[in-house]
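> Numbering (this note's numbering), first residue to last: 7 to 217. Here you go, one structure.
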Ligand SMILES: [Zn+2]
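This is the structure:
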């Protein structure tokens, strides 16, 4: 295996060389994917794009991580590549992606759980499928990287869901504001009782206390 025999001199390899090695690794294993480099941390460490069959690597992020872990960038790239190839070989991947796309925007707790279940399954499949590329000296690191990845996915999924819900609430409140400002122009013609009734209907105690 290419990466097992690769000689490593700390920091001596250019980004281009690392990308070339990653591409060579795919070719050695007869995997028809293309490696691309992302500028900075656009996709985190790596990203598999099933549409244009590419693995996008952030060499800068990978080099930083390798340094933190005190392993060679070659080894760290192998960990990341194995996982991304694992996505490529995931026979459930397309079904999972389609299911995720079909989940309605009006999601509640049940949908939230479903979204996380699907994303988790997708990551677990990649983990398992990528295992065959991992030499024994990296087994433990591969496990740790995948566990961290799961936690990372969990947090980012939660954040996305919260942002989506927050955004929906924001739209609702903005609409209310617009409606209110429209009514302010006509409200002078109404009597005070009607105004009060209107206020209580729109911003009743229960609803108002939520804000
Ligand atoms: Zn993944």
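Built from N, CA and C at the ideal position, the CB exists for glycine as well.
Pull up the distance between the alpha-carbon of residue 207 and that of residue 119, whole angstroms please.
Counting from one through the chain shown, the residue named residue 207 turns up at place 201. Counting from one through the chain shown, the residue named residue 119 turns up at place 113. Rounded to whole angstroms, residue 207 to residue 119 spans 34 Å at the Cα level.
> Taking all protein chains shown into account, decide if residue 87 is buried (16 or more other Cβ within 10 angstroms of its Cβ) or exposed.
As a first step, residue 87 must be located in the chain shown, where it is residue number 81. Buried is the call here.
> For residue 92, is the classification buried or exposed, using 16 other Cβ atoms within 10 angstroms of its Cβ as the cut-off for buried?
As a position in the chain shown, residue 92 is number 86, starting the count at 1. Under this definition residue 92 is a buried residue.
> Tell me whether the region 111-127 and the region 71-82 touch, counting them as touching only if at least three CB pairs, one residue from each stretch, are closer than 8 Å.
Touching, no, given that fewer than three Cβ pairs across the two stretches are closer than 8 Å.
> From the DSSP output, which residues share a beta bridge with residue 6?
Given a span of 7 to 217 for the chain in the structure shown, any question on residue 6 remains unanswerable.
> Could you tell me the alpha carbon to alpha carbon distance between residue 175 and residue 204, rounded to whole angstroms?
Locating residue 175 in the chain shown gives position 169, where the first residue counts as 1. Locating residue 204 in the chain shown gives position 198, where the first residue counts as 1. The alpha-carbon atoms of residue 175 and residue 204 are separated by roughly 21 Å.
> Taking 7 Å as the cut-off, is the C-beta of residue 132 nearer than that to any heavy atom in ligand 1?
Residue mapping note: residue 132 aligns to position 126 of the chain shown, counting from 1. Checking every heavy atom of ligand 1 against the Cβ of residue 132, one is found closer than 7 Å.
> For ligand 1, any of its heavy atoms closer than 7 Å to the Cβ of residue 129?
Position 123 of the chain shown, counted from the first residue, corresponds to residue 129. Residue 129: yes, Cβ under 7 Å from ligand 1.
> Can you give me the C-alpha to C-alpha distance between residue 115 and residue 209, rounded to a whole angstrom?
Position 109 of the chain shown holds residue 115. Position 203 of the chain shown holds residue 209. Residue 115 and residue 209: Cα-Cα distance of roughly 26 Å.
> In whole angstroms, what separates the C-alpha of residue 55 from that of residue 202?
Position 49 of the chain shown, counted from the first residue, corresponds to residue 55. Position 196 of the chain shown, counted from the first residue, corresponds to residue 202. If I take the Cα positions, the gap works out to 56 Å.
> From residue 157 to residue 130, what does the alpha carbon distance come to, in whole angstroms?
As a working mapping, residue 157 is identified with position 151 in the chain shown. As a working mapping, residue 130 is identified with position 124 in the chain shown. Straight-line Cα distance between these residues: approximately 12 Å.
> Whose C-beta lies closer than 7 Å to the C-beta of residue 144 among residues of the same chain, with five residues either side of it excluded?
Taking the first residue of the chain shown as position 1, residue 144 is located at position 138. Around residue 144: 81, 84, 85.
> Roughly how many angstroms lie between the CA atoms of residue 2 and residue 180, to the nearest whole one?
This structure leaves residue 2 out entirely; the chain is present only between 7 and 217.
> Measuring only the C-alpha atoms, how far is residue 44 from residue 187?
Against the chain shown, residue 44 aligns to sequence position 38. Against the chain shown, residue 187 aligns to sequence position 181. So the two alpha carbons sit approximately 46 Å from each other.
> To the nearest angstrom, how far is the alpha carbon of residue 31 from that of residue 39?
For this step, residue 31 is matched to residue 25 along the chain shown. For this step, residue 39 is matched to residue 33 along the chain shown. Cα to Cα, residue 31 sits roughly 10 Å from residue 39.
> Kindly indicate the opening and closing residues of the alpha helix (DSSP H) around residue 80.
Along the chain shown, read from residue 1 onward, the residue named residue 80 stands at position 74. It spans 79-94 - the alpha helix (DSSP H) in which residue 80 sits, taken as one unbroken run.
> Quick one: measure Cβ to Cβ for residue 51 and residue 28, integer angstroms, because I've assumed they're closer than 8 Å.
Locating residue 51 in the chain shown gives position 45, counting from the first residue. Locating residue 28 in the chain shown gives position 22, counting from the first residue. In fact, because the Cβ distance is near 12 Å, the residues do not count as touching under 8 Å.
> Compute every distance between the C-beta of residue 172 and the non-hydrogen atoms of ligand 1, then say whether any falls below 7 Å.
On the chain shown, residue 172 is found 166 positions in, with the first residue counted as 1. Residue 172: no, Cβ never under 7 Å from ligand 1.
> Does the distance from the C-beta atom of residue 133 to that of residue 152 stay below 8 Å?
Taking the first residue of the chain shown as 1, we reach residue 133 at position 127. Taking the first residue of the chain shown as 1, we reach residue 152 at position 146. Against a cut-off of 8 Å, the Cβ pair of residue 152 and residue 133 comes out as a contact.
> Given a cut-off of 8 Å, decide if residue 65 and residue 101 are closer than it, judged by their beta-carbon atoms.
Within the chain shown, the letter at position 95 stands for residue 101. Within the chain shown, the letter at position 59 stands for residue 65. No. Outside cutoff.
> Does ligand 1 have a heavy atom nearer than 7 Å to the CB of residue 135?
Along the chain shown, read from residue 1 onward, the residue named residue 135 stands at position 129. Incorrect: residue 135 has no Cβ contact closer than 7 Å to ligand 1.
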